[in-house]
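Visitor:
There are 2 protein chains.
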Amino acid sequence: MALLAADLGGTKLALAIFSEQGEILFEERVALGNRAGEEVGLLIREQFRAVVGRYDISAAGICVPGIYHKTTGRVWAPNIGGWTDYPLQAELEEFLDQIPVCIDSDRACYILGEYWKGAAQGCKDAIYLAVGTGIGAGIMAGGQILRGGHDIAGAIGWMALERPFHPRFAPAGCFEGYASGTGMALHVQKLMEENVKYNGALRQGSRAEDVFKAYETGDEIAVQVINNCIELWGMAMANLVSLFDPEKIILGGGVFGPAVTFIPQMVAEASKWAQPVSMKLVQVEASMLQDKAGLYGAGMLAQKAKQETGV
Amino acid sequence: MALLAADLGGTKLALAIFSEQGEILFEERVALGNRAGEEVGLLIREQFRAVVGRYDISAAGICVPGIYHKTTGRVWAPNIGGWTDYPLQAELEEFLDQIPVCIDSDRACYILGEYWKGAAQGCKDAIYLAVGTGIGAGIMAGGQILRGGHDIAGAIGWMALERPFHPRFAPAGCFEGYASGTGMALHVQKLMEENVKYNGALRQGSRAEDVFKAYETGDEIAVQVINNCIELWGMAMANLVSLFDPEKIILGGGVFGPAVTFIPQMVAEASKWAQPVSMKLVQVEASMLQDKAGLYGAGMLAQKAKQETGV
């Protein structure tokens, strides 16, 4: 028996067949192109159809880029057109017939994936801090995924870390507004406007990866942007430590990535702020599964679906 | 059958007998005086002995002012002399013999109490934000008390809310350093030093309750201290909302108390910062049980101990 796992993103659908021990037996990746709404649902079913015949699938798990509402089985995915309240669970249950299926948000899947086969193995209290275009946290507390009262828990991009409130925090939050990939790019833009004499490598439109490259050469704007991020990443880490007292914090997403080289500086910053006993005991590590964390998480969801239905 | 509940504080021991339905049948309160170490353990046993003969006790629960380490059964209570690692569970198990006993931290008890008989009835995701001399949070997530990996979860007084780091945050954290009772008193002191012409009602040594009184008369320092607190309480509330997506946040402790009149301003501040969907859905309320939240929480612990041992 094998597990079917899918990681749906804003631009691609990744799919894997796992053995029940968590080995990847088959893997593929297809671009969403300009699909939206039901076309994305159709793509998932087509890809599933192609593999369901070839493997003896006992359960399926899906990682979605947004919020999964457990009671309704519906998905809100801001980067997929028309997916404001998409009935994915019902659609897949009908299609998969006897095969149980379990869906969850990307942030829940990241920490589940790391728990199953990555850096959080053996943990009951671990957090995946995902910093990419946006910022979110997948939180395992006492062995359970933290969902919240309305399935939106872990929206750490909205964390308040600097006062007073500034209107630029309104679209996506204070932490995300500075310290996500998008936030870093906006910060570059702002600093270039303030510093007309700047003649370094960065330009309007430079992205997070350009900032990391420019930092290597000592570029003044890159240094300012990265130092600002280190402070905020450290403060956010401190707040997770003080509130959740976790065994591990795992850093992943597109920005970690390159930013994992700054873990020692971030830990030093966090150590100033956090509850001191918890801070001494927490381990901070880079994601082991990197861009496959969501896919592994979906595999873990499939295993959960299998156990819950007892197939 | 009845439940024995004790709420141990830094200065008093409160004790109650609950019916299994959660009615208080008997209640007493005794000052710790200058007891420390084993004398406090002895006091608990003496008070227990007096009631155990008079009621048919099925289980006992104790709320302790600090950290309860579940695996060792030991207590760290900073305001009780010699209680750095006190073996309370073992001591009480021996004394109570066949009666099962369950211990937990004050912050866990506050939210358990509100869940049992207060403002969090029917909730699975609710947080008790306790602001008094210090600041802590009792967190229920998915129906479970959040303990963390080392039993220290909920240390929200350490929350980073303003940068850069300042040495005055070192002893007890940024949030607690400003917005606890102690923090408010320190803030008064600092503002008086900065403003030698001030001739209002506050003095060096004024306490939180004096600040609330002076605020009523428009006292300039009191207004500054309270406005500063409203901003920080709001930001902390926002961060709880974004991370935990709770159904309710319940405000208690000595400072809430008087500060509950500022709930509308705090909610307005929090609404600027927090994940907007979660913020619309959360309810913010004053503690229903007030200074009895810990005692009710201990009652709930007793009920839990009873259920777990099946007596």
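Top to bottom, those sequences are chains A and B. When you line the first sequence up against the working numbering, it's residues 897 to 1207, in that order. When you line the second sequence up against the working numbering, it's residues 897 to 1207, in that order. Glycine is no exception: its CB is placed at the ideal position from the N, C-alpha and C atoms. Note that the structure is a prediction, hence the values are computed from the model and not measured.
1. With 8 angstroms as the threshold, decide whether the Cβ of C998 (chain A) is near any Cβ in chain B.
2. My output table needs one value for F1152 (chain B): the three-state DSSP class, helix, strand or coil.
3. Which residues mark the beginning and the end of the alpha helix (DSSP H) in which L1197 (chain B) is found?
4. Return no unless some Cβ of chain A is closer than 8 angstroms to the Cβ of G1030 (chain B).
5. For the beta strand (DSSP E) containing E1089 (chain B), list its first residue and its last residue.
6. Going along the chain, which residues of the region 1167-1179 of chain B sit with their C-beta nearer than 7 angstroms to a C-beta in chain A?
7. Could you list the residues in the region 1040-1059 of chain B with a C-beta less than 9 angstroms from some C-beta on chain A, going in chain order?
8. Can you tell me whether K908 (chain B) is helix, strand or coil according to DSSP?
9. Considering only residues of the same chain and omitting the five flanking positions on each side of A1004 (chain A), which have a CB-CB separation below 6 angstroms?
10. Going by DSSP, name the residue or residues bridged to A1022 (chain B).
11. With burial defined as no fewer than 16 other Cβ atoms inside 10 Å of the residue's Cβ, what is the status of A1066 (chain B): buried or exposed?
12. So, is P974 (chain A) buried or exposed, given that buried needs 16 or more other C-beta atoms within 10 angstroms?
13. According to DSSP, simplified to helix, strand and coil, what is Y982 (chain B)?
14. So which residues of chain B does E1143 (chain A) contact, with C-beta pairs closer than 7 angstroms?
15. Over the uninterrupted beta strand (DSSP E) stretch that includes V926 (chain B), give me the two end residues.
16. At a Cβ cut of 9 angstroms, what residues of the region 1112-1140 of chain A count as close to chain B, listed as they run along the chain?
17. Given a threshold of 16 other Cβ atoms within 10 Å of its Cβ, counted over all protein chains shown, does E1072 (chain A) qualify as buried or as exposed?
18. Comparing alpha-carbon positions, which option in B:E942, B:G1018 and B:G1030 lies nearest F991 (chain B)?
19. Between G1038 (chain A) and chain B, is there a C-beta pair that is closer than 8 angstroms?
20. Just to confirm, are R1064 (chain A) and A1081 (chain A) a CB contact at a threshold of 8 angstroms?
21. Using a cut-off of 8 angstroms between C-beta atoms, extract the partners of D1002 (chain A) located in chain B.
22. Name the chain A residues whose beta carbon is nearer than 7 angstroms to that of F1061 (chain B)?
23. Does D903 (chain B) get closer than 8 angstroms to chain A when you measure Cβ to Cβ?
24. In this structure, how does DSSP classify Y951 (chain B) when only helix, strand and coil are distinguished?
25. Quick check: is the beta carbon of K966 (chain B) nearer than 8 angstroms to any beta carbon in chain A?
26. Where does S1102 (chain B) fall in DSSP's three states?
27. Select from the region 1010-1022 of chain A all residues with a C-beta closer than 9 angstroms to any C-beta belonging to chain B, and list them in chain order.
28. Hey, does C1005 (chain A) have any beta-carbon neighbour from chain B nearer than 8 angstroms?
29. Determine the chain A residues that contact C1070 (chain B) at a beta-carbon separation under 8 angstroms, and present them in chain order.
30. DSSP has A1182 (chain A) in a bridge; who is on the other side?
31. Would you tell me roughly how many angstroms separate the C-alpha atoms of A1049 (chain A) and G1009 (chain B), rounded to the nearest one?
32. Label E1204 (chain A) either buried or exposed according to how many other C-beta atoms from any shown protein chain fall within 10 Å of its C-beta, with 16 as the threshold for buried.
33. State buried or exposed for N1135 (chain B), treating a residue as buried only when at least 16 other CB atoms are found within 10 Å of its CB.
Guide: Put simply:
1. By this cut-off, C998 (chain A) is not an interface position.
2. Note: F1152 (chain B) maps to coil in three-state DSSP.
3. Start and end: A1189 to T1205.
4. Taking Cβ atoms only, chain A never reaches closer than 8 angstroms to G1030 (chain B), which makes this a no.
5. No beta strand (DSSP E) contains E1089 (chain B), which is instead part of the alpha helix (DSSP H) from G1077 to E1090.
6. Cβ contacts with chain A: K1168, W1169, A1170, Q1171, V1173, S1174 and L1177.
7. So the close ones are Q1040, I1041, L1042, R1043, G1044, G1045, H1046, D1047, I1048, A1049, G1050, A1051, I1052, G1053, W1054, M1055, A1056, L1057, E1058 and R1059.
8. Correct three-state label for K908 (chain B): strand.
9. Same-chain partners within the cutoff: G1034 and I1041.
10. Paired residue(s): B:M1036 and B:K1144.
11. Taking a 10 Å sphere around the C-beta of A1066 (chain B), we find fewer than 16 other C-beta atoms and assign the residue as exposed.
12. Per the 10 Å Cβ criterion, exposed.
13. For Y982 (chain B), the three-state secondary structure derived from DSSP is strand.
14. Simply G1045.
15. Taken as a continuous stretch (DSSP letters only), the beta strand (DSSP E) holding V926 (chain B) covers I920 to A927.
16. Flagged, chain order: E1127, L1128, G1130, M1131, A1132, A1134, N1135, L1136, V1137, S1138, L1139 and F1140.
17. Burial call: buried.
18. In terms of Cα proximity to F991 (chain B), the closest of B:E942, B:G1018 and B:G1030 is B:E942.
19. True, the Cβ-Cβ gap to chain B drops below 8 angstroms.
20. No; because the gap between Cβ atoms is not below 8 angstroms, this pair is not in contact.
21. When 8 angstroms is used as the limit between beta carbons, D1002 (chain A) is near no residue of chain B, the shortest such separation being about 16 angstroms.
22. Neighbourhood of F1061 (chain B) in chain A, by CB distance below 7 angstroms: K1168 and W1169, in chain order.
23. No, its Cβ sits nowhere closer than 8 angstroms to a Cβ of chain A.
24. In the three-state reduction of the DSSP assignment, Y951 (chain B) falls in the coil class, being assigned neither a helical nor a strand state.
25. Closer than 8 angstroms: no.
26. Here S1102 (chain B) carries a coil assignment [DSSP, helix/strand/coil].
27. Here the close residues are C1019, K1020, D1021 and A1022.
28. No, its Cβ sits nowhere closer than 8 angstroms to a Cβ of chain B.
29. Residues of chain A passing the Cβ test: W1169.
30. The partner list for A1182 (chain A) (beta bridge, DSSP) reads A:L1147.
31. Computed Cα separation, rounded: 24 angstroms.
32. An exposed status is given to E1204 (chain A), since fewer than 16 other beta-carbon atoms sit within 10 Å of its beta-carbon.
33. Counting Cβ neighbours within 10 Å, N1135 (chain B) comes out buried, since at least 16 surround it.
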